[in-house]
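Peer 1:
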Amino acid sequence: MNTEHWLVRPFLRRWFSRMFFFSLSGIIFTFELFRGLSIITIHLDLIVISLIIVTLQASIAAVSFTGMVSLSALVFIVQLFIHRIDSSEASELAAGSMTAIVPVYKDADVLDLSVTSLLESTVPVTVCIVCEPDDQPSIDRATTLSADHESVEYLINTRYSGSKAGAINYAVEQTVSEYIAVFDADESIHPQFLSSAVTELSECDIVQGRTVPRASGLIEAIAYYESVLLNYVTSRLLSIFIGFRLAASRAVVMRRETFETVGGYNPTMLTEDYDFAYRCYKHGFDVHEQLYYSSTIEAAHTVHDWWGQRKRWMSGYAQVFHLLLRERFPPRTLRGVLSMGICMSSVFGNLLLLSLTAKFVVVVLFSDTMISFGPFLTVITISVLIRCIDYVHGKVDRIGWEWIVTPVIFPLYGLVATKAITEYVIGGVDDWYHVEKTGH
């Protein structure tokens, strides 16, 4: 009886979650479809003339989307070309002052990418590989790399095993360097990034680099454009006016004091970097982005991996929002209030990408041609332009044709967000999802 009960509960929860997902997606899409058809009248009383504009609600949404995305993209493109000359502090960095932590799990085949690129840095760096006890292939590869390179060492995470956050925290405890950097095993780091980060740290507390997915195929290209549009372009105005910037667990550099003040990464969180970023923000730490010397990372290669990885991210965002509500409600500081609002908009904003899709359907079917194609042409133009810049900078090896499908990223991401949130509401925290890495 107990065995049957143990088997039935997950089965029912899974099916209830699916029904909830399809129902909620349908409700959001249908509601916003009809809402987009509503008529809005705008009165403009000018000095010499009065205008009355009658239009669809969806048309206003489309124009607003086009304007906001265009402005954000312009800011991002300008920032892509900003870089600073290294300071004397960076050029005189002593050996042992910088530790680059590389947590690994089932990453033996790609570990060389991060290690060899870090060893080519223009400042002295000690590479610390952190392996999990049950990952013998990665331990073997780390052992070989440490034997071949004097500046490479490895640790086996025997204290906080089972999470990336725990591996990073363990490495920080076992090292003494002034500066701490964290990178993924599949990350290829620009030689100038660390020196540029040290220069930036004279004016801020944390430096976050840009990571560019290697667009080697269709799924990989979708991951690349998703990163451009949803991770970077849409967050520009938020970072300017509110000062919130993500401090992730890859391509990030900070002083040891900053890390210890925040308390490190939380091993219980699915998205330890998202939680870390909010704690940094609430502590008042200033995060600068270094977009010029960007890293390249491996993208998901299959639809299954793409979906699974993003569902975990969305579940992690919901988990962080839940934690903020549980621990900091009502918020007592301005940054506490802003943190709650930013996190809520991240969770439900991604979910409401479905509503944006519904409005675009209305615009295409019933609105003016210029308004109809405005959002699509804007997204495609931005995607092509940034792809060309990355091509010139050597971050991608071709321009490709995949930019033509970039508008589908928004509804796809909306579906992932809806699925993740419904599963979190019904069953709580999801399991860790590990994406297959091939080194390409």
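Using the UniProt record's numbering, you'd call the opening residue of the sequence shown number 1 and step up by one each time.
Quick reminder that beta carbons are idealized off the backbone N, C-alpha and C, glycines included.
What you are looking at is a predicted structure, and each value in this text was computed from that prediction instead of being measured.
#1: In this structure, how does DSSP classify ILE189 when only helix, strand and coil are distinguished?
#2: Is the stretch 234-244 touching the stretch 156-171 in the sense that three or more CB pairs, one from each, lie closer than 8 Å?
#3: Does DSSP put ALA420 in a helix, a strand or coil?
#4: Where does HIS149 fall in DSSP's three states?
#5: Which class does TYR293 belong to by DSSP, given the choice of helix, strand or coil?
#6: Got a sec? Which residues, its chain only, sit under 6 Å from MET1 by beta carbon, not counting five neighbours each side?
#7: Quick check: what's the CA-CA separation for GLU4 versus ARG13?
#8: Does the Cβ of THR302 have 16 or more other Cβ atoms within 10 Å, making it buried, or fewer, making it exposed?
#9: Between the alpha carbons of SER295 and VAL212, how many angstroms are there, rounded?
#10: For the beta strand (DSSP E) that ALA100 lies in, which residues bound it at each end?
#11: Expressed to the nearest angstrom, what Euclidean distance is found between the alpha-carbon atoms of TYR232 and ASP275?
#12: Confirm, please, whether the CB-CB distance from THR378 to VAL69 is below 8 Å.
#13: DSSP three-state label for ALA248, please.
#14: Where does the unbroken beta strand (DSSP E) through ARG210 begin, and where does it stop?
#15: Between the beta-carbon of ARG256 and the beta-carbon of GLU178, is there less than 8 Å?
#16: Taking one C-beta from the stretch 216-228 and one from the stretch 316-336 each time, how about it: are there three or more such pairs within less than 8 Å?
#17: Which of the three DSSP states, helix, strand or coil, is assigned to MET254?
#18: So, using beta-carbon positions, are ALA165 and GLU298 closer together than 8 Å?
#19: Between which two residues does the alpha helix (DSSP H) containing TYR224 stretch?
#20: With H, G and I counted as helix, E and B as strand and the rest as coil, what does DSSP make of TYR179?
#21: Could you give the DSSP three-state label for LEU155: helix, strand or coil?
#22: Between which two residues does the alpha helix (DSSP H) carrying VAL347 extend?
#23: Can you give me the Cβ contacts of ILE426 inside the same chain, cut-off strictly under 7 Å, excluding the 5 residues immediately before and after it?
#24: Tell me the residue span of the alpha helix (DSSP H) that contains THR116.
#25: Give me, in chain order, the residues of the same chain whose beta-carbon lies closer than 6 Å to that of VAL252; leave out the 5 immediate sequence neighbours on both sides.
#26: I'd like to know whether the C-beta atoms of VAL198 and ALA247 end up nearer to each other than 8 Å.
#27: Between residue 443 and LEU229, what straight-line distance do the alpha-carbon atoms span, to the nearest angstrom?
#28: Thinking C-beta only, is LEU338 closer than 8 Å to SER25?
#29: Please report the straight-line C-alpha distance between ASP148 and SER249, rounded to a whole angstrom.
#30: Thinking just about the alpha-carbon of each residue, which of ARG312, ARG236, SER345, ASN169 is nearest to the one in VAL262?
#31: Take the Cβ of GLY401 as the centre, count every other Cβ of all protein chains shown within 10 Å, and call the residue buried at 16 or more, exposed below.
#32: For THR126, which three-state DSSP category applies?
#33: Tell me which residues share the same chain as MET314 and place their Cβ nearer than 7 Å to its Cβ, disregarding the 5 neighbours each side in the sequence.
#34: Beta-carbon separation of TYR292 and LEU74 under 8 Å?
#35: Comparing C-alpha positions only, which one of GLU289, ASP184, PHE76, LEU353 sits nearest to ILE409?
#36: Please state if the CB of TRP306 and the CB of ILE222 are separated by a distance shorter than 8 Å.
Peer 2: On the basis of the coordinates in this document:
#1: Within the sequence shown, the letter at position 189 stands for residue 189. Of the three classes helix, strand and coil, the one that applies to ILE189 here is coil, per DSSP.
#2: The stretch 234-244 and the stretch 156-171 do not touch, with fewer than three beta-carbon pairs separated by less than 8 Å.
#3: Taking the sequence shown and counting its residues from 1, one reaches residue 420 at position 420. In the displayed model, ALA420 falls within a helix according to three-state DSSP.
#4: In the sequence shown, the residue the question calls residue 149 occupies position 149. Look at HIS149 here: in three-state DSSP terms it is coil, with no helix or strand label.
#5: Start at 1 with the first residue of the sequence shown, and residue 293 comes out as number 293. Three-state DSSP puts TYR293 in a strand.
#6: The sequence position of residue 1 within the sequence shown is 1, counting from 1. At MET1, the pLDDT of 43 sits below 50, so the modelled position is not reliable; the number obtained from the coordinates is stated separately. Beyond the five residues adjoining it in sequence on each side, MET1 comes within less than 6 Å, by CB distance, of no other residue in the same chain.
#7: As a working mapping, residue 4 is identified with position 4 in the sequence shown. As a working mapping, residue 13 is identified with position 13 in the sequence shown. Residue placement at GLU4 is flagged as unreliable, the pLDDT there being 45, under the threshold of 50; the coordinate-derived value follows with that caveat. Each residue's Cα considered, the two are about 14 Å apart.
#8: Counted from its first residue, the sequence shown places residue 302 at position 302. Exposed, by the Cβ-count rule.
#9: Reading the sequence shown from its first residue, position 295 is the one you call residue 295. Reading the sequence shown from its first residue, position 212 is the one you call residue 212. Rounded to whole angstroms, SER295 and VAL212 show a C-alpha spacing of 6 Å.
#10: On the sequence shown, position 100 is the one that residue 100 refers to. Start and end: 98-103.
#11: Taking the first residue of the sequence shown as position 1, residue 232 is located at position 232. Taking the first residue of the sequence shown as position 1, residue 275 is located at position 275. Rounded to whole angstroms, TYR232 to ASP275 spans 18 Å at the Cα level.
#12: Residue numbering aside, residue 69 sits at position 69 when the sequence shown is read from its first letter. Residue numbering aside, residue 378 sits at position 378 when the sequence shown is read from its first letter. In this structure, the beta-carbon distance from VAL69 to THR378 falls below 8 Å.
#13: Taking the sequence shown and counting its residues from 1, the one referred to as residue 248 is at position 248. DSSP places ALA248 in coil when its eight states are reduced to three.
#14: Here residue 210 refers to the residue found at position 210 when the sequence shown is read from its first residue. Unbroken beta strand (DSSP E) run through ARG210: 206-214.
#15: Position 256 of the sequence shown, counting from 1, holds the residue named residue 256. Position 178 of the sequence shown, counting from 1, holds the residue named residue 178. Yes, Cβ-Cβ distance for ARG256 and GLU178 is below 8 Å.
#16: Too few Cβ pairs lie closer than 8 Å, so no.
#17: For the purposes of this step, residue 254 is taken as the residue at position 254 of the sequence shown. If DSSP states are grouped into helix, strand and coil, MET254 belongs with the strands.
#18: One-based indexing of the sequence shown puts residue 165 at position 165. One-based indexing of the sequence shown puts residue 298 at position 298. Their beta carbons are not under 8 Å apart, which means ALA165 does not touch GLU298 by this criterion.
#19: Taking the first residue of the sequence shown as 1, we reach residue 224 at position 224. Segment 218-226, the alpha helix (DSSP H) holding TYR224.
#20: For the purposes of this step, residue 179 is identified with residue 179 of the sequence shown, where counting begins at 1. Of the three classes helix, strand and coil, the one that applies to TYR179 here is strand, per DSSP.
#21: Along the sequence shown, read from residue 1 onward, the residue named residue 155 stands at position 155. DSSP places LEU155 in strand when its eight states are reduced to three.
#22: The sequence position of residue 347 within the sequence shown is 347, counting from 1. Residues 334-351.
#23: Taking the sequence shown and counting its residues from 1, the one referred to as residue 426 is at position 426. Same-chain partners within the cutoff: ARG13, PHE16, SER17, PHE20.
#24: By one-based count along the sequence shown, residue 116 stands at place 116. In the DSSP assignment, THR116 falls within the alpha helix (DSSP H) that extends over 111-119.
#25: Taking the sequence shown and counting its residues from 1, one reaches residue 252 at position 252. Excluding residues within five positions, the ones whose Cβ falls inside 6 Å are VAL182, GLN208.
#26: Counting from one through the sequence shown, the residue named residue 198 turns up at place 198. Counting from one through the sequence shown, the residue named residue 247 turns up at place 247. In terms of Cβ geometry, VAL198 and ALA247 do not form a close pair [threshold 8 Å].
#27: In the structure as shown, the chain begins at 1 and stops at 440. Residue 443 is therefore absent and cannot be evaluated.
#28: Taking the first residue of the sequence shown as position 1, residue 25 is located at position 25. Taking the first residue of the sequence shown as position 1, residue 338 is located at position 338. For SER25 and LEU338, no; Cβs fall outside 8 Å.
#29: Along the sequence shown, read from residue 1 onward, the residue named residue 148 stands at position 148. Along the sequence shown, read from residue 1 onward, the residue named residue 249 stands at position 249. Taking the straight line from one Cα to the other gives about 26 Å.
#30: Sequence index remark: in the sequence shown, residue 262 carries index 262 (1-based). Looking from the CA of VAL262, the closest CA among ARG312, ARG236, SER345, ASN169 belongs to ASN169.
#31: Here residue 401 refers to the residue found at position 401 when the sequence shown is read from its first residue. Per the sequence presented here, residue 401 reads as Trp, with Gly not at that position. By the neighbour-count rule (16 or more Cβ atoms within 10 Å), TRP401 is not buried but exposed.
#32: As a first step, residue 126 must be located in the sequence shown, where it is residue number 126. Strand.
#33: Taking the first residue of the sequence shown as position 1, residue 314 is located at position 314. Within the same chain, MET314 has close Cβ partners ASN350, VAL416, ALA417, ALA420, ILE421.
#34: Locating residue 292 in the sequence shown gives position 292, counting from the first residue. Locating residue 74 in the sequence shown gives position 74, counting from the first residue. Between TYR292 and LEU74, the C-beta gap is not smaller than 8 Å, which leaves the two residues out of contact.
#35: Taking the first residue of the sequence shown as position 1, residue 409 is located at position 409. Selection GLU289, ASP184, PHE76, LEU353 evaluated against ILE409 yields LEU353 as nearest (Cα-Cα).
#36: Translated into positions along the sequence shown, residue 222 becomes position 222. Translated into positions along the sequence shown, residue 306 becomes position 306. In this structure, ILE222 lies near TRP306, with their beta-carbon atoms less than 8 Å apart.
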